[in-house]
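S.K.: Everything in the sequence shown is counted per the numbering used here, starting at 972 for the first residue and increasing by one.
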Amino acid sequence: MTLIKPNKYVGDLIPYVPGKPVEELERELGIKDAVKIASNENPLGPSPLAENAVKEATHSLNRYPDGDAFYLKEKLSKKLGIKPETLIFGNGSNDVIDIAARTFMKLGDEAIFGEYAFIVYPIVTQAVGATSVISPMPNHVHDLRDMHSRITDKTKIIFIANPNNPTGTVVKRDEFEWFIENVPEDILVLVDEAYFEYVDDKDYPNSLEYHNTGKSILTVRTFSKIYGLAGLRLGYGIAHEDIISNMQRVRHPFNSNSLSQVGAIAALDDIEHIERTKRVNSEGLTYVTHELEKMGIRYAPSYTNFVLIDLEDDPMPIYNQLLREGVIVRPVTGYGLKTHLRVTIGTPEENDKFINGIKKVLGK
Ligand SMILES: Cc1ncc(COP(=O)(O)O)c(C=O)c1O
């Protein structure tokens, strides 16, 4: 058989490996009541308002969704104080990132991102035949001056995850402002703010505040994290309307489904759920990092709902022993982080189970 072959650059792609569902792991390992703190999801579940709205909307599943997400666009643009034409939606923010790559890059172009940046950037870059230009991340933080120094006349997109996954670290305002001042106007600066709502730091820059600088900035956010709607798949991008209208040409017609649209509209109103999530996360992060310190385990400073821990050894035996304790965390060797694990902050019970599990496994 001589089946069709992909483009060379697609054939060389390393596919994204998602975490296994909790039920599958329980079955495989013969364990019960496992906790999954592996995918940076909201441990409190979806907003109850969103859940109800989604249930009610199921009766019209025979209809195509509103391809332009009219009501959601109205609601979100009012909340953010922006024009509806500056918004684009996607099947998760991954889709928005992919649309940006397909709109602005082609074979032979270059994209710049950090060595431990979110894994989807190299995938979307390579999928269009562009070249990944990697910038080192000292102390697990993006070095925007180094990224700037790597700009060539082939550079089309610079990806900045702020905060970054899997490191949990942020770029501060001073450095971000320097970068925006110095970046050429015709390079797309994609600022991925999937964890924006979790950050509580006065020196953290909100990229939306720089959209009036004349630079090509695309801010990307999601309903998957603090809003607790990862399963619905809804993310969005905000940029100058010319950038967005070009991205709209590439977007698939119905890439945000009807349930995600009504769920997101309701979730935006559920201030209580957001506040509770923030509070539980911040208390959980303080607890987990404090316990890690007591055990002498190093970690990257986190501004998010997860923490990158450094076991200073091969993490896989510890990962596997934690699994047998019913604790599912995330290995990040695919990022070149060879001694680390990423742990999502859970409910107080889940955090306890993790801390007790790791104490037992490490004999602390
Ligand atoms: C930095 C970052 N960006 C984007 C995403 C994609 O999220 P989604 O496609 O669910 O919106 C994630 C998910 O983990 C992330 O960590």
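We put the CB at the ideal spot given by N, CA and C, even for glycine. Computed from a prediction, not measured in an experiment: that's the story for all the values here.
#1: Could you check whether Leu1179 and Phe1130 sit closer than 7 Å to each other, using their CB atoms as the reference points?
#2: Taking DSSP's pairing of strands, which residues face Thr1193 in a bridge?
#3: Taking just the CA atoms, how far does Asp1281 sit from Leu1308?
#4: What three-state label does DSSP hand Leu944 in the structure shown?
#5: Return the chain-ordered list of same chain residues with a C-beta closer than 7 Å to the C-beta of Lys1331, the five sequence neighbours on each side being excluded.
#6: In whole angstroms, what is the alpha-carbon distance linking Val1095 and Asp1163?
#7: Is any non-hydrogen atom of ligand 3 found closer than 6 Å to the C-beta of Gly1208, if you look at the structure I gave you?
#8: Mark Asp1361 as exposed unless 16 or more other C-beta atoms lie within 10 angstroms of its C-beta, in which case mark it buried.
#9: Report, in whole angstroms, the separation of the C-beta atoms of Gly1317 and Val1006, which I expect to be a contact under 8 Å.
#10: What are the residues that DSSP puts in a beta bridge with Ser1187?
#11: Out of curiosity, what's the CA-to-CA distance linking Arg998 and Arg1204?
#12: Within 10 Å of its beta-carbon, does Met1287 have 16 or more other beta-carbons around it, so buried, or fewer, so exposed?
#13: Near ligand 1, which residues have their beta-carbon less than 6 Å from any of its heavy atoms, given in chain order?
#14: If you draw a straight line from the alpha carbon of Gly982 to that of Met1118, how long is it in whole angstroms?
#15: Can we say the stretch 1044-1051 touches the stretch 1095-1115, given the rule of at least three CB pairs closer than 8 Å?
#16: Would Ile1129 count as contacting chain D if we go by Cβ distances under 7 Å?
#17: For the stretch 1152-1160 against the stretch 1173-1187, do three or more pairs of beta-carbon atoms, one drawn from each stretch, fall closer than 8 Å, so that the two count as touching?
#18: Find the nearest neighbour of Glu1246 within the set Ile1209, Ser1018 and Met972, judged by alpha-carbon distance.
#19: At the level of alpha carbons, what is the spacing between Gly990 and Phe1277?
#20: Applying the criterion that 16 or more other CB atoms from any shown protein chain within 10 Å of the CB defines a buried residue, is Arg1222 buried or exposed?
M.R.: With the given structure in hand:
#1: no
#2: Gly1206
#3: 9 Å
#4: With the chain running from 972 to 1335 in the structure shown, residue 944 is simply not present.
#5: Glu1296
#6: 14 Å
#7: Of the ligands one can find in the structure shown, namely ligand 1, none is ligand 3.
#8: Outside the shown range of the chain (972 to 1335) lies residue 1361, about which nothing can therefore be said.
#9: 6 Å
#10: BP columns for Ser1187 are empty, so no partner.
#11: 26 Å
#12: Residue burial is scored here from C-beta neighbours: Met1287 has fewer than 16 other C-beta atoms within 10 angstroms and is therefore classed as exposed.
#13: Spelled out in chain order, the answer is Asn1011, Gly1063, Ser1064, Asn1065, Phe1089, Ala1132, Asn1136, Asp1163, Ala1165, Thr1193, Ser1195, Ala1201 and Gly1206.
#14: 27 Å
#15: Taking a cut-off of 8 Å on C-beta distances, the stretch 1044-1051 does not touch the stretch 1095-1115, as fewer than three cross pairs fall below it.
#16: Here chain D cannot be found, since the structure has a single protein chain.
#17: yes
#18: Ser1018
#19: 15 Å
#20: buried
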